[in-house]
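Protein chains in written order, with our numbering: chain A, 19 to 363; chain B, 19 to 363. Beta carbons: idealized from backbone N, C-alpha and C, even for Gly. Presented below is the structure to which this report refers.
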C-alpha cells in the first residue's frame, strides 16, 4: 500500500510528521511505501542517512506550503505545488492509495474532494472522528467538512459512520443517533426532521432517534450524526474542556499540597491517555473515492504513526466497498444528481 | 417585587421548588412577594403551617402540569390552566414582575414569548446562560430558544449578552465573539457571516470576531453568540462532559487506592462547586418585555433560591431599559418588521 504524507502540515511539521512516518516503518510490511511530500531538501535533512525497516520511504517534491490561516479554495488555486495539493494529485493519478495531512483542514477537504472525488452515490463527504468515552468509542460525523447540510447528507453520514464503527471499531450493530436539541420527536429544524424520517425508513440501520449534547459521553449511541458546524463546535469544545478541567484539577492540587499532587499524577496520566485523541491518529474523510486522514494541527509523531496505521486498516478492510454496496442498494439514495459533484465543502 | 414561580416545573417539583422559595424569603424584603403557582392543595402540603420571614408568599391555583416531554405549542393550547401558562398570564396582566420555571423549556419559551411579548425593537428572544470558567464568567446566548436564526437575531443576542455581562456580571467592556468553525474571516455559513458584518458596523460593542468551540473555556471572550441549536448542544455537552470526567477520575482513584481517593475528595468538591451551574439559578430569557428565568430540569432548592435572587437583580438593575435604549439608538435594528411577532420559537 502506498501512503502519501503531507510532511509540511500542522504546527509541528516537518519534524514530528517525518518522525511519525519513521516510527511506523517497522509496523508496516515490505509491500508498503510511505511517500513524504514537501520541499525535498527540507525533508532530507530530517531523514537519517541510512534507512532501515520493512516499508519503503520515498520523497515527492512539493515546494509550496498552505498555512493554517489561508482560505482553502484560494490557497489551492494559488499554490498547485503545495504539499496538500500534491498528495491529492498523487491519489487522483493512482500513485497513492491513501493520503494523510495535519495541515489546513479546509484545504484538505477541498483538495481531496476535488481531486479524489466522491464515492458513487455519496453526495457529500463528511469528516468522522472517534471519541474515546468512558462508555466506549463514539464516532461523530460530520465535524466540519459540510456546513450546508441537506437531509440526504446527514442520512449518508449515519450510514458511513455505522459501517466504519462496525468494521473498524468492531462494534456490533452500532446504534446511530441524530444530534438534536431534545429527545422528543417534534424537536429540531427541518433538515434534522427530514433526515430522521430517512433514517426511520431504513430498516438495515440501528437508528435510535434524537440524541442531545449530553448523550455523546453517556453511552447512548455509537454513531452521532450532525451537520459540520455543530460537529466542529463539539470537537473543539470537548478537546478544550477536557484540557481545561485537567489543568484546573492540577492547579487546585498544587494549592492543596504538592505531595498529594505528585501522588495523583499517575492517575491523571492514565485517564488522560484513555481519552487522548492522539491514539486515534486523525479524522477520516468518509465518502471520497480513496482513503484520506486529516490529523489535528498539533499532531505529534505518535499521532502520525497512528494515522498511518489507521489508513492501512481502513484500506485493508475495504470500508469504501462496503459503503458503495450499502448505498447502491439503498432506496433512499436514488437521486444521485448532486453526488460526485465537484463543488467542495 | 412580585415573583411568580412555577411550583410544578422540573424533576424535583414541587418539593425542591417550594423549598427554594422558602430559602430565599429572608434574603428578600417586605416589599417582595413570591407567588407559588400550581395545584393549591399540593402546594399547601409543602408549606409550613406558620410562615415567617420578610417576603410574602401567596398561592395562585393552576391545576394542570405540562410535563417535560410534551410539545410546547400543543401542550399550551391544551392546558391553559397549567402552571407555565398561568405564570405567563400573571406577567402579561402585570400581576407579576418576574416569572421562574424549571419546567419544559420549549413550553416556557413559547408561553413567555406569546404572553409577555418582545421588548420594542427585539426580533427574537434568546436564552442566555452563564458558564463559570477558570478564566471568568462567560455568557452564552442563545442556548435553545431560536433554532431558525437570522443575522439580526445573532446581532441582538450579542447586544443583549453584552449589556447583561456588563451590568450584572460587572465585566467592563465585555468582549463579544461569534461562534464559528474557524477564526479566519472567510469561515462560516451565510448567517454567521452577515451577523459578523453587523457586529463590525457597531462601534459601541467590543466585538472580537469569530471564535471556536475551544475558546469558550479559554478566556478569549466574555459573551458567546450562537444560534440556539449550536448553543443547546454546547450547554448539554458541557454539563455531561464535566460530570463524566469527574466520575472517571473518581473511578480511577477508587481503583488506585481508597485512601488517596478520600484525600482527593475535598479538592474535587472545591472544583465542582466553582463550576456548578446551580450557583447561577437559571438561564435568562433575554429580549422579552419582562423578567423570565428558565431553570434546569434537575434544579434543587438552592438553584431556585439563586434564580429568585437573580431575577431580582435583573429587575432592579433595569437591564431591559438598557436593552431598549441601546436597540432604539442602533441603526442596525431599523427594520423591526418582525419584532414583537407573536410567533414563538
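- Using a Cβ-Cβ distance under 7 Å, would residue 102(B) count as near chain A? As a position in the second chain, residue 102(B) is number 84, starting the count at 1. By this cut-off, residue 102(B) is not an interface position.
- Under the three-state DSSP convention, the category residue 362(A) falls into: Within the first chain, the letter at position 344 stands for residue 362(A). Its pLDDT being 42, under 50, residue 362(A) is placed unreliably in this model, and the coordinates cannot settle the point.
- For the segment 156-167 of chain A, which residues have a CB atom closer than 8 Å to at least one CB atom of chain B, in sequence order? 162, 165 and 166
- Task: For residue 356(B), name the three-state secondary structure that DSSP assigns.
- Result: In the second chain, the residue the question calls residue 356(B) occupies position 338. Residue placement at residue 356(B) is poorly supported in this model, since its pLDDT is 45, which falls under 50; the coordinates still yield a value, given next. Looking at residue 356(B) - three-state DSSP - the assignment turns out to be coil, as it is neither helix nor strand.
- Counting only runs of 3+ residues fully inside the segment 52-123 of chain B, write out the beta strand (DSSP E) ranges in chain order. Runs of the beta strand (DSSP E) inside the segment 52-123 of chain B: 74-79 and 116-119.
- If you check the beta carbons only, do residue 313(B) and residue 325(B) fall under 7 Å apart? As a position in the second chain, residue 313(B) is number 295, starting the count at 1. As a position in the second chain, residue 325(B) is number 307, starting the count at 1. Yes, the Cβ-Cβ distance between residue 313(B) and residue 325(B) is below 7 Å.
- Query: If you drop the 5 nearest sequence neighbours on each side, which residues of the same chain put their C-beta closer than 6 Å to that of residue 90(B)?
  - Reply: In the second chain, the residue the question calls residue 90(B) occupies position 72. Once the five neighbours on either side are set aside, the close Cβ partners of residue 90(B) are 124, 125 and 128.
- Given a limit of 7 Å on CB to CB distance, which residues of the segment 284-299 of chain B reach chain A? Taken in chain order, the members of the segment 284-299 of chain B whose beta-carbon sits within less than 7 Å of a beta-carbon on chain A are 285, 288 and 289.
- Query: To which residues of the same chain is residue 253(A) closer than 8 Å at the C-beta, ignoring the five residues directly before and after it?
  - Reply: Locating residue 253(A) in the first chain gives position 235, where the first residue counts as 1. Taken in chain order, the residues that qualify are 147, 158, 161 and 162.
- Query: Does the segment 254-262 of chain A touch the segment 274-293 of chain B, meaning 3 or more C-beta pairs lie closer than 8 Å?
  - Reply: no
- Task: Quick one: measure Cβ to Cβ for residue 114(A) and residue 53(A), integer angstroms, because I've assumed they're closer than 8 Å.
- Result: By one-based count along the first chain, residue 114(A) stands at place 96. By one-based count along the first chain, residue 53(A) stands at place 35. At roughly 6 Å, the Cβ-Cβ gap stays under 8 Å, so residue 114(A) and residue 53(A) are in contact.
- Query: CB residue 291(A) to CB residue 34(A), shorter than 7 Å?
  - Reply: As a first step, residue 291(A) is located in the first chain; it is residue number 273 there, counting from the start. As a first step, residue 34(A) is located in the first chain; it is residue number 16 there, counting from the start. Cβ atoms of residue 291(A) and residue 34(A): not closer than 7 Å.
- Query: Can you find a C-beta in chain A that's less than 7 Å from the C-beta of residue 363(B)?
  - Reply: Taking the first residue of the second chain as 1, we reach residue 363(B) at position 345. Residue placement at residue 363(B) cannot be trusted, given a pLDDT of 39 that sits under 50; the coordinates are not used to answer.
- In whole angstroms, what separates the C-alpha of residue 262(A) from that of residue 283(A)? If you number the first chain from 1, residue 262(A) lands on position 244. If you number the first chain from 1, residue 283(A) lands on position 265. Note on geometry: alpha-carbon atoms of residue 262(A) and residue 283(A) lie some 16 Å from one another.
- Task: Report the residue ranges of all beta strand (DSSP E) runs contained in full by the segment 206-286 of chain A; include only those spanning at least 3 residues, in chain order.
- Result: 224-229 and 241-243
- Item | residue 154(B) burial status per 10 Å Cβ neighbour count (16 or more: buried) | Walking along the second chain from the start, residue 154(B) turns up at place 136. It is exposed - the Cβ of residue 154(B) has fewer than 16 other Cβ atoms within 10 Å.
- Beta-carbon proximity of residue 209(B) to residue 250(A), cut-off 7 Å: Here residue 209(B) is taken as the residue at index 191 of the second chain, counted from 1. Here residue 250(A) is taken as the residue at index 232 of the first chain, counted from 1. Contact: no.
- Message: Is it buried or exposed, residue 336(B), if we count other Cβ atoms within 10 angstroms and call 16 or more buried?
- Response: Working through the second chain from its first residue, we reach residue 336(B) at position 318. The residue is exposed, with fewer than 16 neighbouring Cβ atoms inside 10 Å.
- Can you give the Cα-Cα distance for residue 49(B) and residue 111(B), rounded to whole angstroms? Mapped onto the second chain, residue 49(B) falls at position 31. Mapped onto the second chain, residue 111(B) falls at position 93. Distance between the alpha carbons of residue 49(B) and residue 111(B): 19 Å.
- Task: Find the residues of chain A that neighbour residue 278(B), judging by a C-beta separation of less than 9 Å, and give them in chain order.
- Result: Taking the second chain and counting its residues from 1, one reaches residue 278(B) at position 260. 278, 281, 282 and 285, listed in chain order.
- Task: Would you list, in sequence order, the uninterrupted beta strand (DSSP E) runs of no fewer than 3 residues that lie entirely inside the segment 137-204 of chain B?
- Result: 144-151, 154-159 and 193-197
- Are residue 134(A) and residue 109(A) close, meaning C-beta to C-beta below 7 Å? In the first chain, the residue the question calls residue 134(A) occupies position 116. In the first chain, the residue the question calls residue 109(A) occupies position 91. Yes.
- Distance, Cα to Cα, residue 100(A) vs residue 93(A)? For the purposes of this step, residue 100(A) is taken as the residue at position 82 of the first chain. For the purposes of this step, residue 93(A) is taken as the residue at position 75 of the first chain. The straight-line gap from Cα to Cα measures roughly 9 Å.
- Is any beta-carbon of chain B found at less than 7 Å from that of residue 152(A)? As a working mapping, residue 152(A) is identified with position 134 in the first chain. Taking Cβ atoms only, chain B reaches closer than 7 Å to residue 152(A), which makes this a yes.
- Could you tell me whether the segment 334-348 of chain A touches the segment 29-48 of chain B, using the rule of 3 or more Cβ pairs below 8 Å? no
- Query: How about the segment 220-229 of chain B and the segment 163-171 of chain B: do they share at least three Cβ pairs that are nearer than 8 Å?
  - Reply: no
- How would you write the range of the beta strand (DSSP E) that residue 306(A) sits in, first residue to last? Position 288 of the first chain holds residue 306(A). Element bounds for residue 306(A): n/a, residue is neither H nor E.
- So, does the CB of residue 120(B) fall closer than 7 Å to a CB anywhere in chain A? Counted from its first residue, the second chain places residue 120(B) at position 102. False, the Cβ-Cβ gap to chain A never drops below 7 Å.
- At which residues does the beta strand (DSSP E) containing residue 21(A) begin and terminate? Working through the first chain from its first residue, we reach residue 21(A) at position 3. Unbroken beta strand (DSSP E) run through residue 21(A): 20-24.
- Query: Listed from N- to C-terminal order along the chain, which residues in the segment 256-267 of chain B have their beta-carbon within a distance smaller than 9 Å of any beta-carbon of chain A?
  - Reply: 256, 257, 258, 259, 260, 261, 262, 263, 264, 265, 266 and 267
- Can you round the beta-carbon distance between residue 164(A) and residue 144(A) to whole angstroms, since I take them to be within the 8 Å contact cut? In the first chain, residue 164(A) corresponds to position 146, counting from 1. In the first chain, residue 144(A) corresponds to position 126, counting from 1. With a Cβ gap of about 6 Å, residue 164(A) and residue 144(A) count as contacting.
- Query: Taking the alpha-carbon positions, what's the residue 315(B) to residue 300(B) distance?
  - Reply: For the purposes of this step, residue 315(B) is taken as residue 297 along the second chain, with counting starting at 1. For the purposes of this step, residue 300(B) is taken as residue 282 along the second chain, with counting starting at 1. C-alpha of residue 315(B) to C-alpha of residue 300(B): approximately 10 Å in a straight line.
- Message: Tell me the rounded alpha-carbon separation between residue 191(B) and residue 152(B).
- Response: For the purposes of this step, residue 191(B) is identified with residue 173 of the second chain, where counting begins at 1. For the purposes of this step, residue 152(B) is identified with residue 134 of the second chain, where counting begins at 1. Rounded to whole angstroms, residue 191(B) to residue 152(B) spans 19 Å at the Cα level.
- Under 7 Å Cβ to Cβ from residue 107(A), same chain only, skipping five residues before and after it: list those, please. Taking the first residue of the first chain as position 1, residue 107(A) is located at position 89. Hits under 7 Å: 133.
- Item | For residue 341(B), the first and last residue of its enclosing alpha helix (DSSP H) | Against the second chain, residue 341(B) aligns to sequence position 323. First-last of the alpha helix (DSSP H) with residue 341(B): 337-346.
- Message: Is residue 360(B) close to chain A? Criterion is C-beta to C-beta, closer than 7 Å.
- Response: Your numbering for residue 360(B) matches position 342 in the second chain. With a pLDDT of 40 at residue 360(B), under the threshold of 50, the modelled position of this residue cannot be trusted; read the value that follows with caution. It does not; no Cβ of chain A falls within 7 Å.
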